[in-house]
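Peer 1: So for the sequence shown, our numbering puts the first residue at 8; every next one is plus one.
Ideal Cβ positions, reconstructed from N, Cα and C, are used throughout, including at glycine.
The structure displayed is predicted, hence computed values, not measured ones.
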Amino acid sequence: MATAGRSTGRSNFNGRASRATNVQQQVESLARQLADQIIREREEARIRARNGRIYTTFQTADDVIANQQETVTTGLFSGNTGSLLTYHTSSAATAIQNTYYRAIYDKVPSDATSAVQLSIAYGQRAGSGSVDLTGNLNNDTPTRAVYRQYAQLLLAPNDSQFTINGTDTDSIYVLNFNRARFREKIDPGNFEINLATLSGSAGLTGGDWSNAGHTGSNVQLDGTGQVISIIDDSSTSLGTVGEAGLVYNLVSGSIDGGTVIHNASSPVYYGLLYPQHGIAILNGNTLDANAGFETVSGSQVQGDNAMKLFTSLSGSGALSATGRSFGIQARSSEQVKSTYYFVRVKNAEYNYSNNPSFTSGSYGDLKYATFINDPQTYITTVGLFNDRRELLAVAKLSQPIRKSFSREALIKVKLDF
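1. Which value, in whole angstroms, describes the spacing of the CA atoms of A27 and V34?
2. Between the Cα of A110 and the Cα atoms of Y94, D194 and A119, which residue gives the shortest distance?
3. With contact counted as at least three CB pairs below 8 Å, one residue from each stretch, are the segment 65–81 and the segment 337–349 in contact?
4. Give the straight-line distance between the Cα atoms of E199 and V389, rounded to the nearest whole angstrom.
5. Could you tell me the boundaries of the alpha helix (DSSP H) in which I379 lies?
6. Nearest-angstrom Cα distance between A416 and G265?
7. Taking a contact to mean a Cβ-Cβ separation below 8 Å, would you say Q75 touches Y357 in this structure?
8. Would you report the Cα separation of Y370 and A376, rounded to the nearest angstrom?
9. So which of G278, T150, D69 and T101 has the shortest CA-CA distance to S306?
10. Can you list the alpha helix (DSSP H) stretches of 4 or more residues lying completely in the segment 245–299, in chain order?
11. Pick helix, strand or coil for G82, following the three-state DSSP scheme.
12. Taking the alpha-carbon positions, what's the V275 to H269 distance?
13. Identify, in the order they occur along the chain, each residue of the same chain with its Cβ nearer than 6 Å to the Cβ of S85, setting aside the five sequence neighbours on each side.
14. For the segment 171–182 and the segment 236–253, state whether three or more C-beta atom pairs, one from each stretch, are separated by less than 8 Å.
15. Using DSSP's beta-bridge definition, name the partner residues of H95.
16. Pull the bridge partners of I61 from the DSSP assignment, please.
17. Pick out whichever of Y107, T231 and A119 has its Cα sitting closest to the Cα of Y129.
18. Following the continuous beta strand (DSSP E) through Y359, name the residue where it begins and the one where it ends.
19. Would you identify the three-state DSSP class for F198, choosing helix, strand or coil?
20. Below 8 Å on the Cβ atoms is my contact criterion, and I expect A102 with L140 to pass it. Report the Cβ-Cβ distance as a whole number of Å.
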């Protein structure tokens with residue numbers, strides 16, 4: 008009896024273990040069925056979401072490349088052109104304004120499409136070559152004011168004279184380019200000024216260049232057709248850093264067909280280029296010696312020297328020959344930061360449209376039976392939204408991209424700032 012009792016106990020224990028195993032298997036089976044059902048439902052929901060998707064969230068690590076920096080250059084003058092060949096002044100400027108500067112237009116100012124490209128001026132440290140027309144008695148003549156204005160803007164606080172190739176000069180001609188045109192800076196290496204040589208004998212009386220007979224409005228081209236080309240020396244120099252940022256020398260040379268400095272071992276130094284201010288300073292003494300300017304330097308004489316620079320610039324523009332442009336050649340330069348967004352449109356996504364032309368009837372039925380299994384849409388625009396689904400930017404495609412279940416698209420959107 009005892010033995011039989013022990014045997015029965017083992018049978019009961021084995022039976023309970025077997026039932027527990029069966030229950031566990033049933034639970035695991037039900038769990039697998041439930042998990043499979045959840046996966047199917049999620050997959051179906053994902054497919055439905057893809058088929059009717061309106062927004063797609065960017066995966067930052069895979070879809071976005073931020074803070075890419077590149078240099079963008081454009082022509083400095085109206086219409087993004089890199090050449091200025093025609094020069095016009097305005098008759099509306101007052102006599103007092105003309106003693107300080109001349110605004111230069113690309114077309115006749117009465118033309119609605121004309122615009123100021125730059126201003127030119129003449130400055131003399133002691134105030135020679137001009138008369139104060141405002142009635143002041145402190146010898147604050149226009150040439151003195153111009154020289155000191157640019158010295159204050161461009162030179163160190165303890166420096167009152169422009170120094171060109173180690174030599175101080177009290178006589179300067181200024182080209183001040185329209186601020187809105189050069190954006191961040193004038194592009195060094197793509198800058199050239201061409202000056203037609205002037206007649207040194209026009210209006211000369213008794214060999215005295217300081218008299219009013221040789222003022223700017225009386226000066227003419229010398230008729231030789233000779234043009235002096237001036238470029239910056241950024242191709243051979245890193246420039247110097249001063250109060251006004253980088254500074255390059257302006258030397259004899261040309262950018263026609265590549266940057267070439269004339270007599271590179273000993274070029275003629277004509278002035279300084281301040282690219283971040285859009286200003287070129289030319290040494291009046293050098294222009295007198297090489298371009299026939301013969302600057303009026305008499306005290307209390309209205310020299311109108313800026314018009315000599317105007318005549319020389321416009322004269323060179325008129326001399327432009329086939330394959331060679333004179334005048335001023337220049338480009339602006341700007342560092343642009345960009346972020347690239349890669350918009351990945353998979354085959355099952357964005358194949359339907361909420362455009363009213365896609366449906367018909369009051370119930371919104373698809374207009375054509377082919378739209379059900381083989382819809383055809385065309386992507387024309389990509390909108391960039393924030394997390395609150397507020398539209399921040401719009402990218403227009405150059406041409407529509409056809410989309411269907413058998414076609415995918417990868418669109419790169421570039422956002423500059």
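Peer 2: A quick look at the data gives this:
1. Along the sequence shown, read from residue 1 onward, the residue named residue 27 stands at position 20. Along the sequence shown, read from residue 1 onward, the residue named residue 34 stands at position 27. Cα to Cα, the separation comes out at about 11 Å.
2. Position 103 of the sequence shown holds residue 110. It is Y94.
3. yes
4. Position 192 of the sequence shown, counted from the first residue, corresponds to residue 199. Position 382 of the sequence shown, counted from the first residue, corresponds to residue 389. Distance between the alpha carbons of E199 and V389 is about 42 Å.
5. In the sequence shown, counting from the first residue as 1, residue 379 sits at position 372. Looking at the DSSP string, the run of the alpha helix (DSSP H) that includes I379 is T377 to N380.
6. Indexing the sequence shown from 1 puts residue 416 at position 409. Indexing the sequence shown from 1 puts residue 265 at position 258. Distance between the alpha carbons of A416 and G265 is about 42 Å.
7. In the sequence shown, residue 75 corresponds to position 68, counting from 1. In the sequence shown, residue 357 corresponds to position 350, counting from 1. Cβ atoms of Q75 and Y357: not closer than 8 Å.
8. For the purposes of this step, residue 370 is taken as residue 363 along the sequence shown, with counting starting at 1. For the purposes of this step, residue 376 is taken as residue 369 along the sequence shown, with counting starting at 1. Spanning the two alpha carbons is a distance of roughly 15 Å.
9. In the sequence shown, counting from the first residue as 1, residue 306 sits at position 299. Per the Cα distances, T150.
10. 291–298
11. Taking the first residue of the sequence shown as 1, we reach residue 82 at position 75. Judged by DSSP in its simplified three-state form, G82 adopts strand.
12. For the purposes of this step, residue 275 is identified with residue 268 of the sequence shown, where counting begins at 1. For the purposes of this step, residue 269 is identified with residue 262 of the sequence shown, where counting begins at 1. Roughly 8 Å separates the two Cα atoms.
13. Here residue 85 is taken as the residue at index 78 of the sequence shown, counted from 1. Result list for S85: D113 and A122, in chain order.
14. no
15. Taking the sequence shown and counting its residues from 1, one reaches residue 95 at position 88. In the DSSP output, where bridge partners are listed per residue, H95 has Y112.
16. Numbered from its first residue, the sequence shown carries residue 61 at position 54. None; I61 has no bridge partner.
17. Taking the first residue of the sequence shown as position 1, residue 129 is located at position 122. Measuring C-alpha to C-alpha distances from Y129 to each of Y107, T231 and A119 identifies Y107 as the nearest.
18. By 1-based counting over the sequence shown, the position of residue 359 is 352. Where Y359 is concerned, there is no enclosing beta strand (DSSP E), given that its DSSP letter is neither H nor E.
19. As a working mapping, residue 198 is identified with position 191 in the sequence shown. Residue state, collapsed to three classes: coil.
20. Looking up residue 102 in the sequence shown gives position 95. Looking up residue 140 in the sequence shown gives position 133. Their Cβ separation, rounded to whole angstroms, is 7 Å, which keeps A102 and L140 in contact under 8 Å.
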